[in-house]
Each structure stands twice: as structure tokens, then as C-alpha cells.
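Numbering-wise, the sequence shown is residues 0 to 475 according to numbering that gives the first Met the number 0.
Worksheet: one structure, shown below.
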Amino acid sequence: MKSRRSPKFFEKVEIIDAGSEGKAVAKPEELVVFVPFAAPGDIVDLEVIKKKRNYFEGFIKHFHKYSDYRVVPECKHFGTCGGCKWQHLDYKWQLVFKQKQVKDSLDRIAKVNYPEIRPILAAPTPYYYRNKLEYTFSNRKWLTDGAPSSEKSEEEMSGLGFHLPGMFDRILDIDHCHLQAEPSNEIRLFVRDFALDKKLSFYDVRNHEGLLRNLIIRNTQKGEVMVILVVSAEDEIVITQLLPALKAEFSQITALFYVVNDKKNDVINDLELIHVAGDAELIEEMASPVEGFPALKFGIAPVSFYQTNASQAEVLYKTAFEMAAVSGEEKVYDLYTGAGTIALYFARFVKEVVGIEYVEQAVLDAAQNAKRNNISNAQFFAGDMAKVLDEAFVAEQGKPDIIVTDPPRAGMHPKVITQILAIQADKIVYVSCNPATQARDLQLLEVLYEVKAVQPVDMFPQTQHVENVVLLHKRV
Ligand SMILES: C[S@@+](CC[C@H](N)C(=O)[O-])C[C@H]1O[C@@H](n2cnc3c(N)ncnc32)[C@H](O)[C@@H]1O
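Shown next, in the form of C-alpha cells:
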């Protein structure tokens with residue numbers, strides 16, 4: 000290649016893998032090329048641009064053959080919206096490529112012995128599975144008709160939807176999103192049309208002007224809905240007209256809030272949420288892993304963390320619980336506990352649970368959730384895992400028999416791994432949303448732990464993401 004910028008063309012290249020980052024992979028002349036919206040088995044002409052020292056990005060210029068793994072995407076926004084990068088792959092093939100992602104990570108990164116990977120647990124509903132979506136208002140809507148923005152009116156440039164990939168200031172106005180059940184789309188369209196009708200301004204993220212910033216919609220499996228409208232300033236029309244009209248139009252809204260955010264960033268956790276109508280939180284239920292016990296109830300306040308696919312979260316936790324094979328006498332540590340959901344899922348069937356999490360509000364939610372479910376053998380601690388989980392903490396809380404760990408995508412900090420190796424619990428159940436970092440951590444744990452079971456779970460259909468649960472036993 001001459002320079003980073005000058006494109007190169009390759010003809011009749013076969014796409015060979017689905018990739019783990021949402022872009023498929025081709026290898027013309029041994030170059031590693033990532034290709035968005037391609038499918039393994041496609042034969043295409045590619046324009047290739049160098050992105051980094053060791054990889055390239057390719058754009059499909061012409062199709063010679065369409066892959067047999069393809070289906071027609073459900074969503075008209077596919078290809079522009081950054082949300083569901085695998086919609087063009089048949090769901091059964093998405094599952095195959097997710098299973099392969101787990102295997103590749105174990106083989107190439109972990110390089111440890113492991114038993115046969117169990118078949119991935121598919122999501123029963125491959126669409127409309129999310130319980131939370133955040134939409135953004137913008138005065139710089141992405142124009143799909145090719146016309147220059149200078150020819151458009153303010154109204155025509157106002158949109159409510161998702162950021163375009165890689166463009167912080169452009170929003171794709173969404174007609175219909177297939178990720179969250181109704182009335183999610185109906186609510187978004189109602190708010191957008193009401194705002195346009197009343198000439199309320201949509202946010203200008205470059206100049207930090209405009210009234211309407213974000214619309215967050217959360218729901219439960221039972222169909223209760225929470226709406227949070229984020230505005231840049233108090234506004235009479237919003238308070239006296241828009242919010243009451245929204246509540247009157249949708250009986251499903253059981254919790255309605257607004258929040259004034261005049262900061263440059265979109266974070267609302269540090270702001271006062273103004274409760275407009277209904278309840279202060281949603282209640283999500285999760286069936287007990289053991290028959291005869293009541294379902295757990297979790298409170299979801301506007302900024303609380305909860306797994307975004309509630310029904311598959313149940314499958315994920317059940318997998319972790321069954322792998323742990325508890326006798327009832329164990330002390331369990333739940334690392335990265337969030338709002339305490341895994342800890343509380345285990346609590347009724349073990350002696351004691353200890354959860355650690357660095358978001359203080361989540362720890363308060365966890366304690367509240369324990370109370371709500373009459374669970375008294377659970378304790379929660381706030382702080383950075385690498386600092387909290389030290390020798391003194393273990394001496395104080397007692398050595399765990401089982402460690403459940405569910406870290407963020409980056410995996411566990413090396414200090415946490417060192418501490419886990421020092422604790423020497425009999426079993427570890429490692430729940431991960433990133434098989435690559437999980438595999439790296441399994442490699443580090445290998446000195447003391449062997450992999451006994453591997454169970455991928457699909458929490459996010461239409462995307463490349465896969466969750467993986469691994470059971471480790473201390474070597475004897
Ligand atoms: C993948 S989520 C798991 C949440 C929870 N187990 C669940 O199933 O709902 C990871 C959690 O780790 C927390 N976290 C991230 N980095 C952390 C750190 N360094 N120390 C403690 N907690 C951390 C995040 O706030 C988040 O709640």
C-alpha cells in the first residue's frame with residue numbers, strides 16, 4: 000500500500016468470517032480487512048483503506064455472490080444505523096458465529112484445556128428484547144434523500160433517534176426500531192411530533208443550544224414503562240403540555256420523569272430527576288432457580304443498572320447457578336455485582352453472599368433489593384474491585400467457597416486476578432460479555448484453576464455480542 004489514505008481495489012474477494020467486532024473479515028493477499036455489513040460467503044469487489052498498522056477497512060463496491068447465510072434485514076435503518084450489525088445474518092447463523100467466537104478466544108487467547116463447549120442458548124425472541132433505549136434529539140438529522148442540509152428547514156433538520164456510527168453530532172431519525180417492544184416506538188414518535196408541532200428546539204451538540212436532549216424509555220417484561228425526558232432547561236411547554244399529554248396518551252407509562260441537564264456531557268446520574276407522575280421505579284421480576292420459591296423483585300429507578308435483556312438474564316443467571324451446584328453451606332462472593340442481582344439470585348440457596356461494585360448508587364439499590372425480597376444474608380460493598388478485594392477484606396468477610404465474577408468488557412484487573420489466586424475459592428463462575436478478555440483472564444487463572452464447563456448465552460440477537468459462562472474448579 001502506498002499511503003494510509005490511498006485506497007486499493009480487490010476483485011472477487013470471499014468474506015471468510017463474521018468477525019467479533021461487528022465487521023466481517025476478508026483476507027485478500029493476506030491483508031486482514033474488516034468489512035461492515037458483509038456476510039461470510041459473500042463474494043465481492045472491495046475498496047480497501049489502511050486503518051491501523053496491522054489491519055485495513057474494506058467497503059463493498061460490488062457483489063458477485065450473496066452469502067447463503069444472509070436474510071433480508073427486518074429494519075429499514077439497517078446499514079445506516081449502528082445498532083444491529085448482524086441483522087443481515089440468519090439468526091441460526093448468528094448463533095453459529097457466536098459459538099465460534101467463544102471457541103476462537105479459548106483456542107487463540109486462553110490456550111487452556113477445556114471440555115466441549117455447550118451449544119449456545121438462543122434468545123427466544125430475537126427482536127424486541129431490550130428493556131432500555133436512549134434516543135437523542137438533534138438539529139442535525141442525517142439526510143437520507145441526498146439533498147444538501149442548506150436547503151432544509153429547521154423542522155426538516157430535527158430528528159430523534161440514534162447517533163450515526165463515528166459521528167457524534169449526526170442523528171438518524173428513527174421510524175421504527177426493532178429492539179424494544181411497543182409502545183417504545185409510539186412514544187418516541189409522539190414526543191417527536193409533539194415537539195415539532197410546538198416548535199420546541201432539538202439539541203445542537205456543537206454549540207450546546209436547544210431544549211430537547213434525550214428520551215430514555217425503560218420497560219419491564221410485564222409491559223410497564225418508564226419515560227425520562229432530558230432537557231437543557233426548565234420549560235413551560237414541556238412541563239405543562241408535553242409531559243401531561245404523553246402520560247394521558249399512554250396508559251402503559253407507570254413512571255414519568257424529566258431532568259434538566261445543562262452540562263456539555265449526557266451523563267444524568269449526577270443530576271436531580273424530577274418525578275412527574277406514576278411510581279418512582281419499575282419493578283422487574285425474575286423467577287427463582289429453585290421451584291417453590293417466589294420470584295425475586297428488583298427495583299429499577301431511572302438510573303439503576305439492570306441487564307438489558309431481562310428474559311435472557313434469567314437464563315444467564317440460571318446457567319451460573321446450576322454450574323455452581325451449591326449445597327447450601329457456601330459463602331459466595333459476587334464480584335461486579337451491579338444492583339446485586341446475581342448475589343440475590345444465589346442468596347436464598349447458600350449461607351451468605353457478599354457483593355462488590357464500584358457504582359455507589361447500584362450498591363444502595365442492591366441493599367434495597369435485598370430488603371424488598373426479605374433477604375438478610377447478603378452484604379454489599381462499594382469501591383474499585385482492585386482496591387476493595389484485598390487480604391484485609393477477605394479476613395474480615397471470610398474466605399468464599401465460590402466466587403462469581405461478572406466484570407465489564409475490559410475483564411478483570413491483574414490485581415483482582417492475583418487476589419483471586421490468593422483467595423483460592425473452590426469454584427469460580429466467570430460470567431463475561433467479552434470472550435476475548437475472559438480468555439485472557441482464564442490464561443492467568445490456569446495455574447490454579449481448570450475449566451470444567453463453558454456455556455455461551457445469546458443476550459443480544461442481531462449483534463455480534465455474546466455472553467459466556469465458564470465454570471472453574473480449583474486444581475487438586
Ligand atoms: C457486566 S456488569 C455486571 C452487573 C451485574 N453482575 C448484573 O448481572 O447485573 C459489570 C459491573 O461492574 C461494575 N464495575 C466496573 N468496573 C468496576 C471496578 N473496577 N470495580 C468494581 N465494579 C466495577 C460496573 O459498574 C457494572 O455494574
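For every residue, glycine included, the Cβ atom is placed at its ideal position computed from N, Cα and C.
Since this is a predicted model, take the numbers as computed values, not measurements.
From the options, residue whose alpha carbon lies closest to that of residue i
| i | options | result |
| --- | --- | --- |
| residue 345 | 392, 295 and 356 | 295 |
| residue 480 | 467, 142 and 445 | The structure shown does not extend to residue 480, since the chain is modelled only from 0 through 475, so no value can be given for it. |
| residue 175 | 193, 446 and 126 | 126 |
| residue 237 | 457, 273 and 223 | 273 |
| residue 76 | 86, 67 and 70 | 86 |
| residue 434 | 199, 282 and 19 | 19 |
| residue 331 | 158, 386, 301 and 396 | 396 |
| residue 248 | 354, 290 and 183 | 183 |
| residue 402 | 96, 333, 28 and 226 | 333 |
| residue 38 | 111, 27, 221 and 14 | 14 |
| residue 335 | 347, 266, 358 and 329 | 358 |
| residue 460 | 59, 82, 451 and 349 | 82 |
| residue 224 | 269, 277 and 230 | 277 |
| residue 439 | 300, 245 and 408 | 408 |
| residue 251 | 231, 384 and 221 | 221 |
| residue 339 | 360, 322, 327 and 329 | 360 |
| residue 42 | 59, 12 and 60 | 12 |
| residue 308 | 283, 325 and 355 | 283 |
Where residue i falls, given that 16 or more other Cβ within 10 Å makes a residue buried
| i | result |
| --- | --- |
| residue 100 | buried |
| residue 205 | exposed |
| residue 130 | buried |
| residue 458 | buried |
| residue 217 | buried |
| residue 239 | exposed |
| residue 162 | buried |
| residue 1 | Because the pLDDT of residue 1 is 45, which lies under 50, any placement of that residue in the model is unreliable, and the number read from its coordinates should be weighed accordingly. Counting Cβ neighbours within 10 Å, residue 1 comes out exposed, since fewer than 16 surround it. |
| residue 147 | exposed |
| residue 303 | buried |
| residue 420 | exposed |
| residue 104 | buried |
| residue 489 | The structure shown does not extend to residue 489, since the chain spans only 0 to 475, so no value can be given for it. |
| residue 312 | buried |
| residue 431 | buried |
| residue 446 | exposed |
| residue 8 | exposed |
| residue 53 | exposed |
| residue 165 | exposed |
| residue 527 | Given a span of 0 to 475 for the chain in the structure shown, any question on residue 527 remains unanswerable. |
| residue 49 | buried |
| residue 464 | buried |
| residue 107 | exposed |
| residue 426 | buried |
| residue 187 | buried |
| residue 153 | exposed |
| residue 65 | exposed |
For residue i, the first and last residue of its enclosing alpha helix (DSSP H)
| i | result |
| --- | --- |
| residue 161 | Segment 158–163 is the beta strand (DSSP E) holding residue 161; no alpha helix (DSSP H) there. |
| residue 415 | 413–422 |
| residue 45 | Where residue 45 is concerned, there is no enclosing alpha helix (DSSP H), although the beta strand (DSSP E) it sits in stretches over 42–51. |
| residue 316 | 309–323 |
| residue 437 | 434–444 |
Cross-strand partners of residue i (DSSP beta bridge)
| i | result |
| --- | --- |
| residue 287 | In the DSSP output, where bridge partners are listed per residue, residue 287 has none listed. |
| residue 34 | 23 |
| residue 182 | Partner(s): none; residue 182 has no beta bridge. |
| residue 332 | 353 and 402 |
| residue 86 | Its beta-bridge partners do not exist; DSSP assigns none. |
| residue 466 | 456 |
| residue 91 | For residue 91, which the question treats as bridged, DSSP gives no partner whatsoever. |
| residue 298 | 282 |
| residue 28 | In DSSP, residue 28 forms no bridge with anything. |
| residue 448 | 473 |
| residue 201 | 211 |
Endpoints, the beta strand (DSSP E) within which residue i is located
| i | result |
| --- | --- |
| residue 7 | 7–16 |
| residue 54 | 54–64 |
| residue 76 | Run containing residue 76: none; DSSP gives neither H nor E here. |
| residue 207 | Unbroken run through residue 207: none, as it is neither H nor E. |
| residue 292 | Segment: none, residue 292 is in no beta strand (DSSP E) and carries neither H nor E. |
| residue 277 | 272–277 |
| residue 303 | It is not in any beta strand (DSSP E) - residue 303 carries neither H nor E in the DSSP assignment. |
| residue 426 | 426–431 |
Cβ-heavy atom distance, residue i to ligand 3, below 7 angstroms
| i | result |
| --- | --- |
| residue 465 | Inclusion of ligand 3 in the displayed structure is not the case, the ligand content consisting of ligand 1 alone. |
### Query
What residue ranges within the stretch 93–180 form continuous beta strand (DSSP E) runs of no fewer than 3 residues, ordered along the chain?
Counting only runs of 3 or more, we get 131–137, 158–163 and 166–172.
### Query
What runs of the alpha helix (DSSP H), each 4 residues or longer, lie entirely inside the stretch 337–410?
340–346, 359–371, 384–387 and 390–396
### Query
If you scan the stretch 212–269 from start to end, which runs of the alpha helix (DSSP H) of 4 or more residues do you find wholly inside it?
242–248
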